[in-house]
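Residue numbers (this note's numbering): 852 to 1397.
Backbone N, C-alpha and C fix where the C-beta goes; we use that ideal spot for every residue, glycine too.
Here's the structure we're looking at; comments come further down.
Shown next, in the form of C-alpha cells:
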C-alpha cells in the first residue's frame, strides 16, 4: 500500500530534505503543495500541485481538503514556518478527511513562534536558556537580539553600547526582538527529532554546524555530546507534555565554561535536517509509524546548490516513447526474481543462495544475454545449463518492480494531454509478462510496440516508425525516453525524433560516458539530455507547451 505525504510550501529549498526522507521510505510518494510555479520542487516531487496562497485562508483550506481526498493523503508536513498556524487551525478537518498533520497545537505554536514567550516558558520549565534582558541604559552590553517571530539568521541584531540603543529606538527594539547577553565564544549544535501522533519521541540527531550560509548549515558533522543530548531529551519531555507533534529543529550553544543553552526551537523540519537521514534517522518515517532509524552512523554532510538543466524542447512535441527495461522497470530485479523462482526447482542440485549470488555477479558484469551460460559455469555445473534454462523460462514473478517515479510521471504526462507509447526490445513473450506483472503500466500507454515483431531491435528504424504511426504523430513531434545511448538515443534521433532523455538509474545497466558520446555522436548528443529519474519530464513538457 502506497503512503502519500503532502509537503506544504515544499517547492523551495526548504522542502528538499523532507522529500529525500519521503523517497527513502518504500512505497511513499511526495506530493509538493506550493503556491508558485517554476519552483525547484517540480524536479523533486512525485506530484507537484500549485495551490492558492495562504491568505486569504478559505481558498487554501478548501483546496487542501480536496487534495487530501483526491490523492488519499496520509500525512501533511509543513516545510517552512509560514504555514504552521494555518495547518494547525485546519488539522481537525484534514484529519476527518484522512490525513494527519505534523504540526503543534495553535496554543503551543503561539509560544514556540515568539522568542520572548518561548524563553520565558523554557525558563519557567527549568530548561537551560539565557535570561532575557530588559533594554535600557543599564543593560549588560553587548546584547544580542533575535526577531520575536523570525527564523534562521534573518534580522538578528547586536548592540554594543547604550548609544546604539538610543539611535535605533529602544521602544521599537524592545517590542520587535528578544534580547540576551551577547556570547563572544561558543560552539553551536543543531538537534533534529520528531514527536509522533501518540506523543512518542524519536531518536535524536545531533550535529555541529561547521559552516553556515544564509542562516542555515551547509556543512554539518555528527557529534556525540552527552550534555547536549540530555538537554534535548528534557526539552522533548516538556514538548510532549504540551501535546507537541511534528518535526523539530533545535539550536543549542555550548560556552567555553561548558554550559549548554537552548538557543532556538523550530517546530518544523530544519533546512539542513537532511543530515538526520544521512545518519540513518528518517524522521518522516517515524511520523508514519515506519521503521525510521537504522544503526546510527556518524557523517559529515554537505548541502550544495546543484544545478539541473531542463531542455527547452520545441513546442511541437506532442508525445513520448518509452523504453521498458532499466527505464521504467528494474530489469536486474526482474531477472533475479526469475532466478529465485527457478532455483527452487534445482535446489536438490545447487543451493539457491549460491545460484542467486552467481546470478547477481553475472548481472553486475553485464552478462544479461549470456546469463544462463555464465551462471551455470560460475556454479561449476555446466551440465545443468539446459535444466536451468528451462526452469528460468518457466518462471514468471507475480509482480514486476517499477521504479518509484514511473506511475506518477506517466499520470502527470497524461494530464498534460500528451500521447504515450512503449517501445521495447527482447522477446515479446517475456516483455508482455513484465507488463502484465506491473499493475497500472499497460493502461498508461496508447501504443505498445515490440521491436522483434517489426524486423529488428533498436536502433533499427522500423520500430520507431511503427510507434510514431501508432500514435498518429510525426517523428519530430516525439521525445524518446530510455537508458541506452546507442539503442535509444541514436536510434530515435536517426528516426527523426525531436529529442531523447537518457535516464541514469542507480543500479541500471547502461551509464553514459558523456565526453565520448559528444565526441563520437555530436549530432545525437546535442539533442539528448540525461537525468537521474523521470521527474524532469512533466516540467520539460510543460515548458514545451508554453
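- Excluding residues up to 5 positions away in sequence, 1164, 1166 and 1168 lie with their Cβ nearer than 6 Å to the Cβ of residue 1395 in the same chain.
- By the C-beta criterion, the segment 1282-1298 is judged to be in contact with the segment 1245-1252, since at least 3 inter-stretch pairs fall below 8 Å.
- The C-alpha of residue 1257 lies about 7 Å from the C-alpha of residue 1385.
- Around the beta carbon of residue 1137, 16 or more other beta carbons lie within 10 angstroms, which makes this residue buried.
- In this structure residue 1339 is in contact with residue 1333, their Cβ atoms being roughly 3 Å apart against a cut-off of 8 Å.
- Boundaries of the alpha helix (DSSP H) harbouring residue 1091: 1077-1092, taken from the DSSP string.
- For residue 1002, no beta strand (DSSP E) segment is defined, and its DSSP state is neither H nor E.
- In this structure, DSSP gives residue 933 a state outside helix and strand, which the three-state scheme calls coil.
- Following the DSSP letters along the chain, one finds residue 1039 inside the beta strand (DSSP E) bounded by residues 1038-1046.
- Across the set 972, 975, 973 and 1021, the C-alpha of 1021 shows the shortest separation from the C-alpha of residue 994.
- Counting only runs of at least 4 residues, the segment 1324-1379 fully encloses the following alpha helix (DSSP H) elements, listed from N- to C-terminal order: 1342-1345, 1365-1371 and 1373-1376.
- 9 Å or more divides the Cβ of residue 1162 from the Cβ of residue 1002.
- Residue pairing by DSSP puts residue 884 in a beta bridge opposite 859 and 900.
- About 13 Å separates the CB atoms of residue 1088 and residue 1101; that is not less than 8 Å, and the two are not in contact.
- Each residue's CA atom was taken as its position, placing residue 1028 and residue 1382 some 46 Å apart.
- Here residue 1053 is buried. Its C-beta has 16 or more other C-beta atoms within 10 Å.
- If you draw a straight line from the Cα of residue 1315 to the Cα of residue 1155, it comes to about 40 Å.
- As the crow flies, the alpha-carbon of residue 1013 is around 10 Å from that of residue 1019.
- Contact check for residue 951 against residue 984 fails: the beta carbons are separated by 9 Å or more.
- Judged by DSSP in its simplified three-state form, residue 1204 adopts helix.
- The segment 1061-1072 makes no contact with the segment 1090-1098: fewer than 3 CB pairs, one atom from each, lie closer than 8 Å.
- Here residue 1132 carries a strand assignment [DSSP, helix/strand/coil].
- Cβ atoms of residue 1310 and residue 1345 come within 8 Å of each other, at about 7 Å.
- For residue 1116, DSSP records a beta bridge to 1101.
- Here the alpha carbon of residue 1055 sits roughly 10 Å from the alpha carbon of residue 1133.
- Remark: C-beta atoms of residue 880 and residue 873 approach each other more closely than 9 Å.
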